[in-house]
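Engineer: Here it is: the structure, laid out below.
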Amino acid sequence: MIDKFEIKDFANSAKELEKIIQINKKELEELLSLEDKTYENFVVPFQIMGEKLEVFLTPIFHLDSVCNSEETQKVYSECLPLISIYGTQLSQNDNIYRCLKDIQSKYKSTLNVEQLKVLENEIRDFELSGCQLNVSKKERLEKINLELGELSKEFSQNLLDATNAWEMICTEDEVKELPSSDLESSKFTDEKTNEVKYKFTLQMPSYISYITYGNSSARREEIYKAYCTRAPQNGKLIEQILKLKNEKANILGFDNYSAYSISTKMAKSEDEVISFLEKIANASKDGAIVELNEVKELAFKLDGVKDVNSFDLAYYSEKLKNEKYSIDEEYYKPYFEQNSTVDGLFDFLYKIFGIKFEQIVEKTWNEKVKVYNLLKEDDIVGKIYLDLEAREEKRGGAWMHNWHNNYDVCGNVQLPSAYVVCNFPASSKTQESLLRHSDVVTLFHEMGHAIHHLFTNVKEPLVSGINGVAWDTVEFPSQFLEYFSYEKKVLEIFAKHYKTKEVLPSEAIDKLIKSRNFQSALTTIRQIEFALFDFRLYQTLVDEKGVQDLLDNIRKDVSVIVPPSYNKFQNGFAHIFSGGYSAGYYSYKWAEVLSADAFYLFKENGIFNEELAFKYRDIILGKGGSMDMNQLFFDFAQRDASVDSLLKIDGIIS
């Protein structure tokens, strides 16, 4: 029902991929030759063909992200053009398109909601892939898609290489304020001098540690500058990506790539997106100015610093947070030991949704990966892989990736599976992996994505789980689950000292909850800056200098702290240049409106309200992409979502 993670003959994956593609092409010919095509004899086997290909390919691409090496890069590079060309040719096949249109027209009255949604999405995607274009335009699109795939991979690899290539060695005088657990993980003995020193890298746990607690302003700037100037060669790649995506959009009849992007999203127009972002920016800016002034006042009081720079902000913000809430990260971390936090999260999910997580033994890509079956009333309903610790060969950040999709069609049965990947501090024989609360929030976020995929009740693969969900609503379940990581009754389930097993004291939990909205306006403004930059960038066509000019202008309009001129944030903005968020970064805020409104229902009716929780599970999670999310939200909440709930929950408006 669910395959084990196993890649046979990894080095020759491209050859095996070629075989699968050829089998699919032959099967497609047979399907197209059918005289009387129906949903059951054409659409179902067409979906299963795609499923088999994804099940084979996903682990190969996944391995390149979590165990990156020369071999994985080589295999990825060999597979990428094969799947890109095949995918483009398939999506431009007007014979398939006409068959889908005919089936939709002929059987519309007899098909169920899931089947109709599959046809609606597939027909739309064929049209957006250019299946109705002439041959020369189809050929040009094929080349563009291939080039974009290669540029995306190169962008990501440049970033990973730059992250791994840099390090900063500090003396004891330069790490006096770091938490002991961070000191322990960065400490080493210099072989030449036999002195104890401390190594910091651009891996996220290490970077955050020094930029937040490093007492040397000069060293903070050093690591900040290294981080925000990574992969300068990506500047030219961005030029090429923008040019190709704009050309692709034009070929398909759109004015720009942003217009193309929202054609599959909940937002109805470019103006609606810009207006939405500007409304939140305007509501947040005054609060952000107040929050920044608080930091400036403290920096001047403590160290006589008159102008707080970008590389000082995290350091003095942490001191301000301690002053306002008496929150010491070092105090909290022993209560968020990685294993007990994961176990507690699973206990919470069982308590609220009635789904158990049962660990199983399975060989994976790394010895620290843990595998769990999901059980609903003792029946296995899915499987999840957790790869939570930072490694040099692992891409930065955190993400969920679906592997198998759930389906039960015409005798073909498959249960869903997913990977959750994070970059938490690494454990060792002498050191547990102790998390910051922000890491706990990240874990809840990615698990929100995972259960969206794994808790599905949909039987059609193309709309089960996260499949078919509009990109600007796909963050709704992940952000929704985040809110529970700040709930007292939830924290009491798992926030236990890893040595004494004592629950985090009530007073400490209260402080943590109060601190949730610390600098929420500054955080919001920063997210709006990213979202406006992304969306406006893909509305136009600019060179490398034009990219910087656009970013600078948005910062002048929106931001309250202007970074140094050497900051080339865009060269590391993987979300929009090598991820799935091109002209879609606004989706995070758009989805937050839904998640905040949904969470308010729980605040009003009880965090563990079983009726409400099961309703959320069965409607928002259970129905996957089989219906538009705005309709699912209305079915769940019995009203449309309001942006005011988000602004209230973030403390931006009262």
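Residues 979 to 1632 in my numbering are what the sequence shown spells out, letter by letter. We put the CB at the ideal spot given by N, CA and C, even for glycine.
1. How long is the line joining the alpha carbons of Phe1612 and Ala1428, rounded to whole angstroms?
2. Please state if the CB of Asp1512 and the CB of Tyr1563 are separated by a distance shorter than 7 Å.
3. Thinking C-beta only, is Pro1312 closer than 7 Å to Tyr1476?
4. For Tyr1397, which beta-bridge partners are listed by DSSP?
5. Going straight from the alpha carbon of Trp1144 to that of Thr1179, what length do you get?
6. Taking Cβ positions, are Glu1460 and His1423 nearer each other than 7 Å?
7. Per DSSP, which one or two residues make a beta bridge with Gln1337?
8. Is the beta carbon of Ala1027 less than 7 Å from the beta carbon of Asn1002?
9. Is it right to say Ile1037 is buried, meaning 16 or more other beta carbons lie within 10 angstroms of its own, or is it exposed?
10. Please return the same chain residues whose Cβ sits closer than 7 Å to the Cβ of Gln1497, not counting the five positions on each side in sequence.
11. For Phe1326 and Ile1585, what's the separation of their Cα atoms in angstroms?
12. For Gly1558, is the classification buried or exposed, using 16 other Cβ atoms within 10 angstroms of its Cβ as the cut-off for buried?
13. Just curious, the alpha helix (DSSP H) that Asn1583 is in, first and last residue?
14. Looking only at C-alpha atoms, which of Asn990, Glu1315, Leu1161 sits nearest to Glu1480?
15. In this structure, how does DSSP classify Tyr1176 when only helix, strand and coil are distinguished?
16. Taking C-alpha atoms, which residue in Lys1115, Glu1120, Arg1102, Glu1098 lies nearest to Leu1060?
17. Pull up the distance between the alpha-carbon of Pro1455 and that of Met1607, whole angstroms please.
18. Any contact of the region 1205-1221 with the region 1504-1523, i.e. 3+ C-beta pairs under 8 Å?
19. Pull up the distance between the alpha-carbon of Phe1592 and that of Tyr1328, whole angstroms please.
20. With a threshold of 7 Å on Cβ separation, who are the neighbours of Arg1595 within its own chain once the five nearest residues in sequence on each side are excluded?
21. Can you give me the C-alpha to C-alpha distance between Val1571 and Val1044, rounded to a whole angstrom?
22. Can you find a C-beta in chain B that's less than 7 Å from the C-beta of Glu1275?
23. I believe Gln1000 touches Leu1440 by the beta-carbon criterion, under 8 Å. Please report the beta-carbon distance rounded to the nearest angstrom.
24. Buried or exposed: where does Tyr1544 fall if 16 or more other Cβ atoms within 10 Å of its Cβ makes it buried?
25. Just to confirm my understanding: we take Leu1129, look at its own chain, exclude 5 residues before and 5 after, and list those with CB closer than 7 Å. What are they?
26. According to DSSP, which residues form a beta bridge with Gln1051?
27. On the criterion of 16 or more Cβ atoms from any shown chain inside 10 Å, does Gln1505 qualify as buried, or is it exposed?
28. Quick one, which of Asn1583, Asn1587, Glu1588, Phe1614 has its alpha-carbon nearest Ile1598's?
29. Please name the residue in Glu1005, Ala1227, Tyr1385 whose C-alpha comes closest to that of Tyr1235.
30. Which stretch, first to last residue, makes up the beta strand (DSSP E) that contains Gln1392?
31. When DSSP labels each residue in this structure, what does Asp1014 get in the three-state scheme?
32. Which one or two residues does DSSP pair with Tyr1385 in a beta bridge?
33. Taking the straight line between their C-alpha atoms, what separation do you get for Ala1237 and Tyr1516?
34. Smallest Cα separation from Leu1058: which of Val1096, Glu1032, Glu1256?
35. Which value, in whole angstroms, describes the spacing of the CA atoms of Glu984 and Leu1490?
36. Tell me the start and end of each unbroken alpha helix (DSSP H) in the region 1180-1252 that is at least 4 residues and wholly inside, in chain order.
Structural biologist: Considering the structure as presented:
1. 23 Å
2. yes
3. yes
4. Tyr1363, His1379
5. 6 Å
6. yes
7. Tyr1350
8. A small correction: the amino acid at residue 1027 is Met; Ala does not occupy that position in the sequence shown. Cβ atoms of Met1027 and Asn1002: closer than 7 Å.
9. Before going further, note that residue 1037 is Pro rather than Ile in the sequence given. Burial call: buried.
10. Glu1269, Ser1295
11. 11 Å
12. exposed
13. 1565-1583
14. Glu1315
15. strand
16. Glu1120
17. 11 Å
18. yes
19. 11 Å
20. Phe1331, Phe1433
21. 32 Å
22. This model lacks chain B altogether; it includes just one protein chain.
23. Going by Cβ atoms, the distance from Gln1000 to Leu1440 rounds to 23 Å, so no, they are not a contact pair.
24. exposed
25. Leu1215, Gln1218, Ile1219
26. Partner(s): none; Gln1051 has no beta bridge.
27. buried
28. Phe1614
29. Ala1227
30. 1390-1392
31. coil
32. Gln1392
33. 9 Å
34. Glu1032
35. 42 Å
36. 1182-1191, 1195-1206, 1212-1229, 1235-1240
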